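*Asks:*
Protein chains: 2
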Amino acid sequence: MALTLYGYWRSSAAYRLRIALNLKDVAYTQKPVNLKDGVQRSEAHRDIHPQGFVPALADDDGVLIQSPAILEWIEETWPEPALLPATPRERALVRAYGAVIGCDIHPVQNLRILNYIRAEHGQDNDGVTAWCQRWIMDGFAALERMAARDALPGSYLCGEAPSLADIYLVPQAYNARRFGVDMSAYPRLMAADATAREHPAFIAAEPERQPDAPEDGH
Amino acid sequence: MALTLYGYWRSSAAYRLRIALNLKDVAYTQKPVNLKDGVQRSEAHRDIHPQGFVPALADDDGVLIQSPAILEWIEETWPEPALLPATPRERALVRAYGAVIGCDIHPVQNLRILNYIRAEHGQDNDGVTAWCQRWIMDGFAALERMAARDALPGSYLCGEAPSLADIYLVPQAYNARRFGVDMSAYPRLMAADATAREHPAFIAAEPERQPDAPEDGH
């Protein structure tokens, strides 16, 4: 099955899919969509992704959208190595880590939202940074509290091997550093992030290593 | 297994869980958390829900948070009637409908976000309404386009029976009406919403029927 990933080097949700496909050792071709050009809002792109976003993942049968849905599809299609634990309760825990990031941190600071608060609320760069930091810090504080209470033992966020939780954490921690968030307030997250970032599947998925990453990193 | 749902009558995410539990015919006790009082931000509540949100679902083994994770847990724990189709591709489609709402519509207009744009961006009621309408309309336009392209046949959003997609749609459509969004622009969503709202499991989950709903509906 030939897979095509429509993404963008710095898209947090595309980064998740790259990690998951790498962990499963599934090959894919990248079709970068330059979010800086606004091409994602074109009718042609909306025929691929009705929201005008990335990522989308296409195979011979059609196009899938929404990284939470695609991650579950990847897990169901290539079960090994498992990205979710065996019991429903542990699976719910791991998915909750993902949802804190995937629902309550990342979408709130999506490009369209930042464009809106600049245009309609008169926010400048400082206002945008404060906005992003606020939602990252709120979410990370909750995740750190979850990690203290509920974590499954191991050096990854939820166990001895990478899980869906790490797949969400690493791209969000990358964004957090980019927005100047002090990660030392979240020692458990920082440790899990450091562990995961040494894994070859995570390394190969890093934004700066993608074909559309600019050479100067900006 | 005794289940306790920490919710709020008007919480969209709690509304999802009520529908799902009703569809599975699983009994639960409600513990309302009055979001208007701010009690959700207390340390006591954060011991239940580290984000200071609702909903949370507790059983004898502990507390689960994040409605996307809890819905999957409900589906895995009580498989019948199924809320997801049988094939991975169809499951990904249904989950994508859920994620458009659960990630890109609902969290962006969460109470904490609305409080922030009032306090920090100087937005008044009109500004808040414009904000909510914008993200609902963006998301519903995408969902309507998905429903035209990819829908599984049937009078529900993704088939002949209620699925996860309807569980996300109905509470979001309720919110859309509350914020004055013109639903006639989304005929497929409106038809699916109307079908689902005639189902007893959806009726029993309606905000106004919950124990903490005020008698005057506000």
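Chains as they are written, first to last, in UniProt numbering: chain X, 1 to 218; chain G, 1 to 218.
Note that the Cβ used here is the ideal one computed from N, Cα and C, for glycine as well.
Bear in mind that the values here come from a model prediction, so they are computed numbers and not experimental data.
Exposed or buried, Asn-175/G, counting other C-beta atoms within 10 Å across all chains shown (16 or more means buried)?
*Replies:* buried
*Asks:* Go ahead and pull the three-state DSSP assignment for Lys-31/G.
*Replies:* strand
*Asks:* For a contact meaning CB atoms closer than 9 Å, what does Arg-91/G contact in chain X?
*Replies:* Ala-69, Glu-72, Trp-73 and Glu-76
*Asks:* With 9 Å as the threshold, decide whether the Cβ of Pro-107/G is near any Cβ in chain X.
*Replies:* yes
*Asks:* Output the distance between the C-alpha atoms of Leu-169/G and Ile-101/G, rounded to the nearest integer angstrom.
*Replies:* The alpha-carbon of Leu-169/G is positioned some 7 Å away from that of Ile-101/G.
*Asks:* How about Asn-22/X: is its C-beta nearer than 9 Å to some C-beta of chain G?
*Replies:* Judged by the 9 Å Cβ criterion, Asn-22/X is not in contact with chain G.
*Asks:* Are Ala-20/G and Glu-75/G closer than 9 Å when you measure CB to CB?
*Replies:* yes
*Asks:* Answer yes if the stretch 124-136 of chain G comes into contact with the stretch 175-188 of chain G, meaning at least three C-beta pairs across the two stretches below 8 Å, and no otherwise.
*Replies:* yes
*Asks:* Starting from Ile-65/G, trace the beta strand (DSSP E) in both directions and tell me its first and last residue.
*Replies:* 62-65
*Asks:* Going along chain X, which residues have a C-beta under 7 Å from Ala-142/G?
*Replies:* Residues of chain X passing the Cβ test: Pro-50 and Gln-51.
*Asks:* So is the beta-carbon of Arg-149/G under 8 Å away from any non-hydrogen atom of the ligand MN?
*Replies:* This structure simply doesn't include the ligand MN, nor any ligand for that matter.
*Asks:* Gly-102/G touches chain X at which residues, Cβ-Cβ below 7 Å?
*Replies:* Cys-103
*Asks:* Quick one: Cα of Gln-123/X to Cα of Ala-147/G, how far?
*Replies:* 35 Å
*Asks:* My guess is that Gln-51/X and Asp-193/G are in contact by the Cβ rule of under 8 Å, so how many angstroms apart are they, rounded?
*Replies:* Between Asp-193/G and Gln-51/X the Cβ distance is about 19 Å, and since that is not below 8 Å, they are no contact.
*Asks:* Could you work out which residues of chain X lie near Pro-88/G, taking near to mean beta carbons separated by less than 7 Å?
*Replies:* Those are Trp-73, Glu-76 and Thr-77, listed as they occur along chain X.
*Asks:* Sorted by chain position, which residues of the same chain lie with C-beta nearer than 6 Å to Arg-41/G's C-beta, five sequence neighbours on each side aside?
*Replies:* If we look at Arg-41/G and ignore the five residues flanking it on each side, its Cβ neighbours are Gly-52.
*Asks:* Within this structure, are the beta carbons of Leu-71/G and Ile-65/G separated by less than 9 Å?
*Replies:* No, these two residues do not count as a Cβ contact at 9 Å.
*Asks:* What does a CB cutoff of less than 8 Å around Asp-59/X pick up in its chain, not counting 5 residues either side in sequence?
*Replies:* Met-1, Ala-2, Leu-3 and Thr-4
*Asks:* Count the C-beta pairs between the stretch 34-49 of chain X and the stretch 194-209 of chain X that are closer than 8 Å, then say yes if the count reaches three, no if not.
*Replies:* no
*Asks:* Does the Cβ-Cβ distance between Trp-73/X and Val-26/X come in under 9 Å?
*Replies:* no
*Asks:* Fully enclosed by the UniProt domain "GST C-terminal" (87-215) of chain G, which alpha helix (DSSP H) runs are 4 residues long or longer?
*Replies:* 88-104, 111-119, 125-150, 164-178, 187-196 and 200-204
*Asks:* In chain order, what residues of the same chain have a beta carbon less than 6 Å from the beta carbon of Gly-159/X, not counting five sequence neighbours either side?
*Replies:* Leu-152
*Asks:* Nearest to Leu-189/G by CA position, among Asp-212/G, Ala-165/G and Gln-210/G, is which residue?
*Replies:* The shortest Cα separation from Leu-189/G among Asp-212/G, Ala-165/G and Gln-210/G belongs to Ala-165/G.
*Asks:* Should Arg-95/G be flagged as near chain X, meaning a C-beta pair shorter than 9 Å?
*Replies:* yes
*Asks:* With 16 as the cutoff for other CB atoms within 10 Å, does Val-33/X come out buried or exposed?
*Replies:* With 16 or more other Cβ atoms inside 10 Å of its own Cβ, Val-33/X counts as buried.
*Asks:* Report the three-state DSSP secondary structure of Ala-20/G (helix, strand or coil).
*Replies:* The answer is helix: DSSP assigns Ala-20/G an H, G or I state.
*Asks:* List the residues of chain X that Met-1/G touches, going by C-beta distances under 7 Å, in chain order.
*Replies:* Those within 7 Å of Met-1/G in chain X number zero; the least Cβ separation is about 11 Å.
*Asks:* Please classify Ala-13/G: does DSSP put it in a helix, a strand, or coil?
*Replies:* helix
*Asks:* Can you tell me which of the three DSSP states Leu-71/G falls into?
*Replies:* helix
*Asks:* Where does Ala-2/G fall in DSSP's three states?
*Replies:* Three-state result, Ala-2/G: coil.
*Asks:* What are the residues that DSSP puts in a beta bridge with Asp-59/G?
*Replies:* Gly-62/G
*Asks:* Which chain G residues sit within Cβ distance under 7 Å of Ile-113/X?
*Replies:* Near Ile-113/X (Cβ distances below 7 Å), the residues of chain G are Val-108.
*Asks:* Counting only the same chain and skipping the five closest in sequence on each side, list residues whose C-beta sits under 7 Å from that of Ser-12/G.
*Replies:* His-106, Pro-171, Gln-172 and Asn-175
*Asks:* Return the first residue and the last residue of the alpha helix (DSSP H) that Pro-49/X is part of.
*Replies:* Checking the sequence, you will find His at residue 49/X rather than Pro. First-last for His-49/X: undefined, no H or E at that position.
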